[in-house]
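A.B. asks: I'd like to ask you about the structure that follows.
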DNA sequence: GCACCTTAATTTCATTTTGAAATAAAGTGA
DNA sequence: TCACTTTATTTCAAAATGAAATTAAGGTGC
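So, in C-alpha cells, the structure goes:
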C-alpha cells in the first residue's frame, strides 16, 4: 500500500478533458463523483483561467445539444526532448500535443552533456522566436532518454552508448532546469513512447499496453491499469536480458546466456550473418569481407531478396515473437505496439514476430490482444517526453 | 487513463489504519492531504461507529504522547475460502485478520459445486456457533481459487483439475452469496496469497512484489505500485507458459514448447525421473516400475539423498531460477516470495532457484531484490482471500 | 405550428466539509 | 522551574457540495 498521491479535482478534470479531447459536461460527470452543479462551477473556474475553452456544440441525442469543452491549446507550450544514441530531437508542442517545430541532430561521440544543454537551449530559443512565443509561456521540458537512468533523481547513469566519464551520472534535469528555468522531467524513451502511443490511441478500454522496440538493442515499456509499470529501478533495458534459450549464447560476452538481446538486436544479427558468411554460406554479401557487413548492408540485401539474410532476419523476428509471447503472458495487454529497425525492414518480419507471439499466448476465450506498429512511429518517444509535462504540471 | 475509482476519505483512512495496525493521528496526517482538525473529526466519526478504537498512548518523541488508534477487530468477521485442487480450507477471521478457526478438507473428484457450497455453509455455521457470533456480524466471504477464473464475474471457468461438466463456468460468488447472504469476492489463489504476504510484511517500501508457487503447476502473482497486476484476463496460470527454451519440449503434448511448466512442475519432474529410470539410470527407485514413480516417492528419495532424484530436483530448481529471473527482469520487485512443494522438499532447492535467478538479474547498482519463503506459508492464499473483503467492504 | 418528450445546463440555497489559526494538553530536557 | 517540542482540540469563517427546482434547447409526432 503506497502513499496515495492526491491531485485536486480541478487537475483531474483538466487531465480528463485533455485526454478525451472534446467533451461535454454531461460526459465528464460519468468520470467523477460530482453533481452537475459542482461540475458547472469547476468548469466555470477552468474556463475563467483560460485553461479550458468552449469548442462549440455537440450533436443532439434527442434533447438539448451539449456544450463541448476542450483544453486551451495555446494556454502554454511544452518542450519535448528525445535523447537517443544516434540522434536526438527537440520538439515544441502546444497543449493539444501538436508539434509546432521539431529539430533533429546527430549525437556525436564527442558531445558533452554541457554542450547538449547549450544545443537544447539554442534550439529552444529559436523555436520560441519562430512562433513568436515568450519564455514564460513554456510550461516545462520533458525528456525521454536511453537508459539506464534514474527518473526520480533526474540522472542519466553511465551508459554504454556514451561510454565516457563525462556521461556518467549526468544530472540532466538539474542542468536543463538551470539553463531554461522551467520544470524538467525525465523518463526512459520506451516509457515516453508508450505513454504517447497510449495517448494517441485514445481508447478507454486499453489500459494495459506493451511497447517493444527492437533495434540496436531491445527496449520495452509496459502499462498496467493505465499506469506505467515502474519497478524499483528503471526497466527499459532489462527486457534484453530475458532468457529465451537457457544455456544459449550471450551477446559479445556480456549479459545473460540465451538472452533475448543475444538473438534479437542489430549486433546479434550482424554477428550471425557474419559467421554464416565465414562458413561459406552463399549470399549477395559474399563479396564483402564478413567483418564489414553492417546493418545498412543487411537491410539492402534483404530488399534484394538475399536468401541468407532473409532467413536470418526471419529467424530474428521469430525469436522476437518468443520474447513478445513471454511479456504478453506476463501482463496480458490489450494492445501491443511493435517497432524498430529490426522488424521495420520488411512487413514480413513484423508479421512473423506477431505470428510467433500469437502462437505462444496462453489460450483464453476472452483474450485477443491487438498488435500495432503504433500511430506516432518515430515521434512517439518525443511526443511522450512532452506528455510527461502535460500530465504533471500544476494547473 | 482508466476511469478513476473513488472511495470516501473515511474508507481510505480506515484502510490505512488497518494496514498500519497501530497509528497516531499525526502519523495518519502524513498520508492524507487533510488538516489535523479534519482528521480529528473523521477519527471521531470512525470511533463513534466503533470501526476504530483507541489502543493507548505511544512513546513520546520529545513532546506530548500520541494517542494510538487501531481498527476494531471485533467490529465484524470475515470468512476466507481457499479452493485448491487437492484440498480446500475455510477460515474465520477477525478484522485484524487473525484466524479464529480454520478447517481443511480434501477435494474429492466427485464433489459438485453445490455440495461445496453446502460444505462451506455448514462449516461457516459451526464456526460462528463455536465463537458465539451471529450471522449478521459476518461482513463477507473472500475466495482464492485455482484458475482459470473470472474474478469480475465471479466465475470459476472450466478447469483441468475438476474436469467435469459440473465444474464448468460455476458462478461460485452468486451461489455462495445466495446461500450465505453476505458479499462474496473471488480472485485467484496466487493473487490472494501475494496480497496476504504483502499485508503481513507491512513494509511501506515494498510496493512491487512477485509471488511464485511451484507445485503441481506454476502459479504466480505480481504486485506493482501496491496494486495487483491484472491484465485483461486472469493471469495466474499463464506463467507456466513462459518460454525458457525455445523449441524445447512441451508438457504432456500441451502448452508451449519449452515452457516453464515443461521444466518446472510436479508432472514434468515425474516424467523426467521416469524416463531416466527407463534408460537405466541407477537410483533407489530402480526397483519400482517407472510409471509408478510419483511425487511423494520422489520426495522420499530426495530425503534419502538419491543422486538421480537429487540431480533432477536441482535441475528443476535451476529452471525455476531462470523463470524467476525473467519475471524479475520484467517487473523489478523489491521482494520475491517463493513457495511450493517443488522447492520446499529441501532447502538446497530454494537456494538453487534463488542463486540462478540472482545470476541472471539485470545489473543495477541500486537493485537488490529480497527473496523470501513468505511469512504465512500455506495460509497465505486463505488469509488473502479474507483480505479481499477487509479491503473491499463498504465501511 | 404546437404540444410534449428528452437531454443539457444553470440556479438557488441549506448543509457539509474544510482549512487556518489560536489554544490547550502533555510530555522532554536543562 | 522554565523553555521547548510534539500532539490534540477548538473555533469560526470560507469553500465546496448536493438536492431540487428551473431554464434552455433541441427533438418528434400529429
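Residue numbers (the working numbering), protein chains in the order written: chain S, 35 to 429; chain X, 35 to 429. Cβ coordinates follow ideal geometry from the N, Cα and C atoms, glycine included. For clarity, every value in this text was computed on a predicted model and none was experimentally measured.
#1: Does the structure place the segment 73 to 86 of chain S close enough to the segment 376 to 387 of chain S that three or more beta carbon pairs sit under 8 Å?
#2: So what's residue 294 of chain X in DSSP terms, helix, strand or just coil?
#3: How far does the beta strand (DSSP E) with residue 373 of chain X in it reach, from first residue to last?
#4: Tell me the rounded alpha-carbon separation between residue 354 of chain X and residue 348 of chain X.
#5: Got a sec: is the Cβ-Cβ distance from residue 360 of chain S to anything in chain X below 8 Å?
#6: Expressed to the nearest angstrom, what Euclidean distance is found between the alpha-carbon atoms of residue 211 of chain X and residue 130 of chain X?
#7: Assign residue 71 of chain S to one of two classes, buried (16 or more other C-beta atoms within 10 Å of its C-beta) or exposed (fewer than that).
#8: Do residue 271 of chain S and residue 375 of chain S come within 8 Å of each other at the CB atom, strictly closer than that value?
#9: Give the list of continuous alpha helix (DSSP H) stretches no shorter than 4 residues that lie fully inside the segment 346 to 422 of chain S.
#10: Could you spell out the range, first to last residue, of the alpha helix (DSSP H) harbouring residue 62 of chain X?
#11: Could you give the DSSP three-state label for residue 140 of chain S: helix, strand or coil?
#12: For residue 306 of chain X and chain S, any beta-carbon pair shorter than 8 Å?
#13: Within the 8 Å Cβ cut-off, does residue 182 of chain X reach chain S?
#14: Since residue 52 of chain X and residue 424 of chain X should fall inside the 8 Å C-beta cutoff, what is the C-beta to C-beta distance between them, to a whole number of angstroms?
#15: Exposed or buried, residue 93 of chain X, counting other C-beta atoms within 10 Å across all chains shown (16 or more means buried)?
#16: Would residue 284 of chain S pass as a contact of residue 296 of chain S if the rule is Cβ separation under 8 Å?
#17: Flag this pair as yes or no: are the beta carbons of residue 188 of chain S and residue 420 of chain S separated by less than 8 Å?
#18: Note the first and the last residue of the continuous beta strand (DSSP E) segment covering residue 258 of chain X.
#19: Let's see if you can read the secondary structure: which residues bound the alpha helix (DSSP H) around residue 174 of chain S?
#20: Are the C-beta atoms of residue 370 of chain S and some chain X residue less than 8 Å apart?
#21: Just verifying my parser: in three-state terms, what is the DSSP assignment at residue 105 of chain S?
#22: Any idea if residue 352 of chain X is buried or exposed, counting beta-carbon neighbours within 10 angstroms, 16 or more meaning buried?
#23: Quick one: Cα of residue 282 of chain S to Cα of residue 190 of chain S, how far?
#24: Let's see if you can read the secondary structure: which residues bound the alpha helix (DSSP H) around residue 287 of chain X?
#25: Under 9 Å Cβ-Cβ, which residues of chain S neighbour residue 272 of chain X?
#26: For residue 42 of chain X, is the classification buried or exposed, using 16 other Cβ atoms within 10 angstroms of its Cβ as the cut-off for buried?
#27: As an exercise, report each continuous beta strand (DSSP E) stretch of at least 3 residues that is fully enclosed by the segment 68 to 115 of chain X, in chain order.
#28: Could you tell me the alpha carbon to alpha carbon distance between residue 444 of chain S and residue 329 of chain X, rounded to whole angstroms?
#29: Any beta carbon from chain X within less than 8 Å of residue 222 of chain S's own beta carbon?
#30: Does residue 258 of chain X get closer than 8 Å to chain S when you measure Cβ to Cβ?
#31: Are any of the Cβ atoms in chain X nearer than 8 Å to that of residue 203 of chain S?
#32: Give the single residue among X:225, X:126, X:276, X:260 whose Cα lies nearest to the Cα of residue 361 of chain X.
#33: What's the C-alpha gap between residue 36 of chain X and residue 326 of chain X?
#34: Is there a Cβ of chain X sitting closer than 8 Å to that of residue 389 of chain S, yes or no?
#35: Tell me the residue span of the alpha helix (DSSP H) that contains residue 66 of chain S.
#36: Can you tell me whether residue 120 of chain S is helix, strand or coil according to DSSP?
C.D. replies: According to the structure shown:
#1: A contact is defined here as three or more CB-CB pairs under 8 Å, and the segment 376 to 387 of chain S fails this definition with respect to the segment 73 to 86 of chain S.
#2: Here residue 294 of chain X corresponds to residue number 260 of the second chain, with the count starting at 1. Residue 294 of chain X: helix per DSSP, three-state reduction.
#3: Translated into the one-based positions of the second chain, residue 373 of chain X becomes position 339. First-last of the beta strand (DSSP E) with residue 373 of chain X: 369 to 373.
#4: Counting from 1 along the second chain, the entry for residue 354 of chain X is found at position 320. Counting from 1 along the second chain, the entry for residue 348 of chain X is found at position 314. Residue 354 of chain X and residue 348 of chain X: Cα-Cα distance of roughly 10 Å.
#5: For the purposes of this step, residue 360 of chain S is identified with residue 326 of the first chain, where counting begins at 1. So yes, residue 360 of chain S belongs to the interface.
#6: Counting from one through the second chain, the residue named residue 211 of chain X turns up at place 177. Counting from one through the second chain, the residue named residue 130 of chain X turns up at place 96. If you take the alpha carbons of residue 211 of chain X and residue 130 of chain X, they lie about 23 Å apart.
#7: For this step, residue 71 of chain S is matched to residue 37 along the first chain. Residue 71 of chain S comes out exposed.
#8: Start at 1 with the first residue of the first chain, and residue 375 of chain S comes out as number 341. Start at 1 with the first residue of the first chain, and residue 271 of chain S comes out as number 237. Result no, Cβ atoms of residue 375 of chain S and residue 271 of chain S do not sit closer than 8 Å.
#9: 375 to 378, 381 to 393
#10: Position 28 of the second chain, counted from the first residue, corresponds to residue 62 of chain X. Bounds of the alpha helix (DSSP H) holding residue 62 of chain X are 59 to 63.
#11: Counted from its first residue, the first chain places residue 140 of chain S at position 106. Residue state, collapsed to three classes: strand.
#12: To locate residue 306 of chain X, count along the second chain from 1; it is residue 272. With 8 Å as the cut-off, residue 306 of chain X does not count as an interface residue toward chain S.
#13: On the second chain, position 148 is the one that residue 182 of chain X refers to. So, interface residue.
#14: One-based indexing of the second chain puts residue 52 of chain X at position 18. One-based indexing of the second chain puts residue 424 of chain X at position 390. With a Cβ gap of about 6 Å, residue 52 of chain X and residue 424 of chain X count as contacting.
#15: Along the second chain, one-based indexing puts residue 93 of chain X at 59. Per the 10 Å Cβ criterion, exposed.
#16: As a working mapping, residue 284 of chain S is identified with position 250 in the first chain. As a working mapping, residue 296 of chain S is identified with position 262 in the first chain. Taking 8 Å as the Cβ cut-off, residue 284 of chain S and residue 296 of chain S qualify as a contacting pair.
#17: For the purposes of this step, residue 188 of chain S is taken as residue 154 along the first chain, with counting starting at 1. For the purposes of this step, residue 420 of chain S is taken as residue 386 along the first chain, with counting starting at 1. No. Outside cutoff.
#18: Counting from one through the second chain, the residue named residue 258 of chain X turns up at place 224. Segment 252 to 258, the beta strand (DSSP E) holding residue 258 of chain X.
#19: Here residue 174 of chain S refers to the residue found at position 140 of the first chain. Run containing residue 174 of chain S: none in the alpha helix (DSSP H); it sits in the beta strand (DSSP E), 172 to 179.
#20: Numbered from 1 along the first chain, position 336 holds the residue referred to as residue 370 of chain S. Chain X has no Cβ within less than 8 Å of the Cβ of residue 370 of chain S.
#21: Stepping through the first chain from its first residue, residue 105 of chain S is reached at position 71. Here residue 105 of chain S sits in strand by DSSP.
#22: For the purposes of this step, residue 352 of chain X is identified with residue 318 of the second chain, where counting begins at 1. Under this definition residue 352 of chain X is a buried residue.
#23: Within the first chain, the letter at position 248 stands for residue 282 of chain S. Within the first chain, the letter at position 156 stands for residue 190 of chain S. Going by the C-alpha atoms only, they are around 31 Å apart.
#24: Working through the second chain from its first residue, we reach residue 287 of chain X at position 253. That residue, residue 287 of chain X, is in no alpha helix (DSSP H); it is neither H nor E in DSSP.
#25: As a position in the second chain, residue 272 of chain X is number 238, starting the count at 1. What residue 272 of chain X touches in chain S: 362, 363, 364, 366, 395, 396, 398.
#26: Position 8 of the second chain, counted from the start, is the residue given in the question as residue 42 of chain X. With fewer than 16 Cβ atoms within 10 Å of its Cβ, residue 42 of chain X is classed as exposed.
#27: 86 to 91, 101 to 105
#28: An answer regarding residue 444 of chain S cannot be provided, because it is not within the stretch 35 to 429 covered by chain S.
#29: For the purposes of this step, residue 222 of chain S is identified with residue 188 of the first chain, where counting begins at 1. It does not; no Cβ of chain X falls within 8 Å.
#30: On the second chain, residue 258 of chain X is found 224 positions in, with the first residue counted as 1. Yes, residue 258 of chain X lies at the interface with chain S (some Cβ there is under 8 Å from its Cβ).
#31: By one-based count along the first chain, residue 203 of chain S stands at place 169. It does not: the Cβ of residue 203 of chain S has no partner Cβ on chain X nearer than 8 Å.
#32: In the second chain, the residue the question calls residue 361 of chain X occupies position 327. Comparing Cα positions, the closest option is X:276.
#33: Position 2 of the second chain, counted from the first residue, corresponds to residue 36 of chain X. Position 292 of the second chain, counted from the first residue, corresponds to residue 326 of chain X. Annotation note: pLDDT 48 at residue 36 of chain X (below 50); position unreliable, coordinate value reported separately. Each residue's Cα considered, the two are about 52 Å apart.
#34: What you label residue 389 of chain S is simply residue 355 of the first chain in a count that begins at 1. Chain X, which has no Cβ nearer than 8 Å to the Cβ of residue 389 of chain S, makes this no.
#35: For the purposes of this step, residue 66 of chain S is taken as residue 32 along the first chain, with counting starting at 1. Per DSSP, residue 66 of chain S belongs to no alpha helix (DSSP H) and is neither H nor E.
#36: If you number the first chain from 1, residue 120 of chain S lands on position 86. Note: residue 120 of chain S maps to coil in three-state DSSP.
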